[in-house]
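**Student:** Residues 1 to 383 in full-length UniProt numbering are what the sequence shown lists, from first letter to last. No residue lacks a Cβ here, since even glycine has one placed at the ideal position from N, Cα and C. I have a structure here, written as structure tokens, and I will follow up with some questions on it.
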Amino acid sequence: MTRLNQRRQSSLFRRRLPRQSTTVNGMFAGNDYLSLSQHPEVIAAAQQALNDWGAGSSGSPLLSGYCLQHQALEQELAEWLGVQRTLLFNSGFAANHGVLTTLPESGTIHFDRLSHASLIDGIRHSKKRFKRFHHNALHELNANPGDWLVTEGTFSMDGDRAPAAALATTVAEQKLNLILDDAHGLGVWNSAGLGSFASLNKQTRLLTGTFGKAFGVAGAFVAGNDDDIETLVQFCREYIYSTAFPPSQAAAIRASLAIIRSDEGERRRQQLAQHIDRFKSYMRQAGLATIDSDSPIQTWVIGDDEAVMTAAQLLREQGIWVSAVRPPTVPAGTSRIRISLQSGHTEQHLKALTQALDKVAQQLPSHVLNHAPNQTPSQGVAE
């Protein structure tokens, strides 16, 4: 039996469901945390660039694909982050994989067990020696000066954060090269929307981030010093051999960045933070436990694969779209409903979501909920 047939016959078979609306009402599955994907200024910037530059970039960045919109975006990102240079990629996966297969030329790579698949694959494909440590357990590190430390600022499945103070101390004391993926933190929290990087900028050698979360568009970037970025330009296969994303996409991202850095961006972050607090309060009142997270990623761990799919379907029937996440994306026995909150949600949206979750919990078999894992951040899969 092929692995495809095995997957078809299991409870882990994945199906795509086409979204039929752009409305935020009932949408709790996307990562559009600041609700910028529908912002009129972002849309207008993309439309103007389409008229000015056409639909595509026409080539890879080192041929004909790199235009003034890309250059301006890289410069504006560097100014925002306070770094020497940035470099654009088509996706967060390409950025992380490209960085890890190109830059670490010596030393061991140490990484959090719950790191994103793009980081794990990049580390494995780098052919460098690597060591895992349990989730956020920095005390487990026994590194040598010059080694590499890879982690996320905000983790994509649990929504919890890396311990910034401990991370800064560890990097400084052990003289490590930190690669920080803050895809789910940038734009969302901290001063000017700088996420974990706000308190780790001096310790971070390379920062990776995406434009498909708080920015509401698509694509990704790497930020760092001039030599590291130039090394990627010269040797990173994911960058060299990929068509650059369209100028209209770069223009939309520039508009999003301007909003993120503005007073409006701060208001949206404050609104999102209020939504997170309200939702957690509503869930406690309903007697429903979630993983402890102060990020827009809120997680209800059910455990049973089929029960999670049933719960997601029952929620869709009530007009609520959430993500049902199962292995291998998360460890076995921790299948979950992953909820993404947005600044554009309203209090009524949050109440409707909580009521729907409560109703679904009552419809699931009692033995499933009685044996659900504790709602604490995952510790990863033991070797």
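Check whether the region 140-156 touches the region 68-81, taking contact to mean three or more Cβ pairs, one atom from each stretch, closer than 8 Å.
**Tutor:** The region 140-156, when compared against the region 68-81, does not touch it at the 8 Å Cβ threshold.
**Student:** So the alpha helix (DSSP H) H39 belongs to, where does it begin and stop?
**Tutor:** Start at 1 with the first residue of the sequence shown, and residue 39 comes out as number 39. Careful: H39 lies outside any alpha helix (DSSP H) and carries neither H nor E.
**Student:** Report the rounded CA-to-CA distance for Q379 versus G54, giving the unit in angstroms.
**Tutor:** In the sequence shown, residue 379 corresponds to position 379, counting from 1. In the sequence shown, residue 54 corresponds to position 54, counting from 1. Its pLDDT being 47, under 50, Q379 is placed unreliably in this model, and the value from its coordinates should be taken loosely. If I take the Cα positions, the gap works out to 47 Å.
**Student:** For the beta strand (DSSP E) containing N177, list its first residue and its last residue.
**Tutor:** For this step, residue 177 is matched to residue 177 along the sequence shown. Run containing N177: 177-181, per the beta strand (DSSP E) assignment.
**Student:** Which residue spans inside the region 75-124 form an unbroken beta strand (DSSP E) run of at least 3?
**Tutor:** As far as the region 75-124 is concerned, its whole beta strand (DSSP E) runs of at least 3 residues are 85-89, 109-112.
**Student:** What is the residue span of the beta strand (DSSP E) that E152 lies within?
**Tutor:** Along the sequence shown, one-based indexing puts residue 152 at 152. From DSSP, the beta strand (DSSP E) with E152 extends over 148-152.
**Student:** Going by C-alpha distance, which of I337, A252, L364, I120 is nearest I43?
**Tutor:** The residue labelled residue 43 in the question sits at position 43 within the sequence shown. Answer by Cα proximity: A252.
**Student:** Looking at C-beta atoms only, is the number of pairs between the region 128-143 and the region 83-92 that lie closer than 8 Å three or more?
**Tutor:** The answer is no - the region 83-92 does not touch the region 128-143, with fewer than three Cβ pairs under 8 Å.
**Student:** Tell me the start and end of each unbroken beta strand (DSSP E) in the region 191-241 that is at least 3 residues and wholly inside, in chain order.
**Tutor:** Counting whole runs of 3 or more residues, the region 191-241 contains the beta strand (DSSP E) stretches 204-210, 220-224.
**Student:** Is M1 buried or exposed, if buried means 16 or more other CB atoms sit within 10 Å of its CB?
**Tutor:** Indexing the sequence shown from 1 puts residue 1 at position 1. Classification of M1: exposed, given that the 10 Å Cβ count is below 16.
**Student:** I'd like to check one pair, R113 with H97: are the Cβ atoms closer than 9 Å?
**Tutor:** Working through the sequence shown from its first residue, we reach residue 97 at position 97. Working through the sequence shown from its first residue, we reach residue 113 at position 113. Contact: no.
**Student:** Could you give the first and the last residue of the continuous beta strand (DSSP E) run that contains A324?
**Tutor:** Within the sequence shown, residue 324 is the residue found at index 324, counting from 1. Element bounds for A324: 323-325.
**Student:** Counting only runs of 3+ residues fully inside the region 259-343, write out the beta strand (DSSP E) ranges in chain order.
**Tutor:** You should have 297-303, 323-325, 335-340.
**Student:** Measuring alpha carbon to alpha carbon, tell me which residue in Q9, V171, F28 is nearest G319.
**Tutor:** Against the sequence shown, residue 319 aligns to sequence position 319. Closest by alpha carbon: F28.
**Student:** Helix, strand or coil for K128? Go by DSSP, reduced to three states.
**Tutor:** Within the sequence shown, the letter at position 128 stands for residue 128. The answer is coil: DSSP assigns K128 none of H, G, I, E or B.
**Student:** Between F13, F211, L176, which lies nearest to K202 when the distance is taken from Cα to Cα?
**Tutor:** Taking the sequence shown and counting its residues from 1, the one referred to as residue 202 is at position 202. Nearest option by C-alpha distance: L176.
**Student:** Given 8 Å as the limit, is there contact between the region 204-217 and the region 234-254, that is, 3 or more CB pairs closer than that?
**Tutor:** Contact holds: three or more Cβ-Cβ distances are below 8 Å.
**Student:** Among Q234, G333, R267, L341, which residue has its Cα nearest to the Cα of L62?
**Tutor:** Indexing the sequence shown from 1 puts residue 62 at position 62. Minimum Cα distance to L62 is reached at Q234.
**Student:** Taking the alpha helix (DSSP H) that V171 falls in, what are its first and last residues?
**Tutor:** Taking the first residue of the sequence shown as 1, we reach residue 171 at position 171. Note, V171: alpha helix (DSSP H), 164-174.
**Student:** Counting Cβ pairs closer than 8 Å, one from the region 140-152 and one from the region 261-280, do we hit at least three?
**Tutor:** Flag = no, the region 140-152 and the region 261-280 do not touch.
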